[in-house]
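Numbering (the working numbering), first residue to last: 21 to 322.
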């Protein structure tokens, strides 16, 4: 008797509620399903299922056996998958979600390099600022920028993103360079509505986090739009440093109030808890961690 096959069939009957459905799930006939469960009962010397012409129900012994058996089958499957992946090239499709700006500007080139390195792995990437539910929506992992709120996920930190204040040189020449955060109240600010608190900008003053009220007639739900407005001389913008990188390097904007820069946001790779992390996800997370090690490229050269 193949004891594992009998155990799997019994578990399938418990989970589907009938021999016919269990047989379909396991790719066999209902007659064979019944035989496997009967052999298991004979080996154990106990009745696991009550059978009638219309229904199947678990006995008390069957319920107890199933509750102990299911975790063992899961652990066996996890062990089997782990051993197989040691000798196999990672393959399959990874569904990934990432924020719109960070994904398009910084993540895409690295994902392209990953695709060249791992040709057997497909990438299905969604760029969205919506906080998706990984499990419910079928995603393998997510890239998140900022404070994490989902404690049910495993998080691996990749890097930091600085939040900086910038303005065009001509605007600064006209309005003067700012020396302290409280001076912001007198100037036009370009507001990014993606921030949790649109009308309060973060700073660090005397070692403490401080939110300073700001005002402005321009509001965009996109950091790149805010940088564009700042370049046009329309005021101050509070943006992630990777968004401002090109404009800073070209001299189209300058950072102000650098000494009051707040604590950076962290960038994390998130994925659901699992006894065994799929190799395709593991190699992608490792690849991203290696590429983002050290000072992020967007914070160099300006």
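We put the CB at the ideal spot given by N, CA and C, even for glycine.
Considering residue i, what are the terminal residues of the beta strand (DSSP E) in which it resides?
i: residue 143; result: 141–147
i: residue 189; result: No beta strand (DSSP E) holds residue 189; the alpha helix (DSSP H) holding it covers 189–195.
i: residue 70; result: 69–71
i: residue 136; result: That residue, residue 136, is in no beta strand (DSSP E); its alpha helix (DSSP H) goes 128–137.
i: residue 154; result: From DSSP, residue 154 is part of no beta strand (DSSP E) but of the alpha helix (DSSP H) over 154–157.
i: residue 311; result: Note, residue 311: premise wrong, no beta strand (DSSP E); alpha helix (DSSP H) at 299–311.
i: residue 222; result: 220–225
i: residue 202; result: Careful: residue 202 lies outside any beta strand (DSSP E) and carries neither H nor E.
CA-CA distance, residue i and residue j?
i: residue 95; j: residue 57; result: 21 Å
i: residue 287; j: residue 241; result: 20 Å
i: residue 281; j: residue 224; result: 6 Å
i: residue 47; j: residue 111; result: 25 Å
i: residue 186; j: residue 319; result: 14 Å
i: residue 308; j: residue 204; result: 37 Å
i: residue 88; j: residue 158; result: 28 Å
i: residue 113; j: residue 260; result: 30 Å
i: residue 23; j: residue 60; result: 7 Å
i: residue 291; j: residue 173; result: 6 Å
i: residue 202; j: residue 230; result: 11 Å
Buried or exposed: which applies to residue i, given that a residue is buried once 16 or more other Cβ atoms fall within 10 Å of its Cβ?
i: residue 155; result: exposed
i: residue 100; result: exposed
i: residue 300; result: buried
i: residue 109; result: exposed
i: residue 27; result: buried
i: residue 222; result: buried
i: residue 77; result: exposed
i: residue 176; result: exposed
i: residue 167; result: exposed
In the DSSP assignment, find the unbroken alpha helix (DSSP H) run with residue i in it and report its ends.
i: residue 31; result: 23–36
i: residue 111; result: Note, residue 111: premise wrong, no alpha helix (DSSP H); not H, not E.
*Looking at C-beta atoms only, is the number of pairs between the stretch 77–87 and the stretch 53–69 that lie closer than 8 Å three or more?*
yes
*Say whether the stretch 205–218 touches the stretch 230–250, bearing in mind that this needs 3 or more beta-carbon pairs closer than 8 Å, one atom from each stretch.*
yes
*Inside the stretch 45–82 only - alpha helix (DSSP H) runs reaching at least 4 residues*: 50–64
_Sequence ranges, beta strand (DSSP E) only - wholly within the stretch 242–293, length at least 3_ = 256–260, 274–276 and 285–292, all fully within the stretch 242–293.
*Would you be able to state if there are at least three C-beta pairs under 8 Å between the stretch 105–124 and the stretch 141–153?*
yes
*Can at least three beta-carbon pairs, one atom from the stretch 183–197 and one from the stretch 270–278, be found at a separation below 8 Å?*
yes
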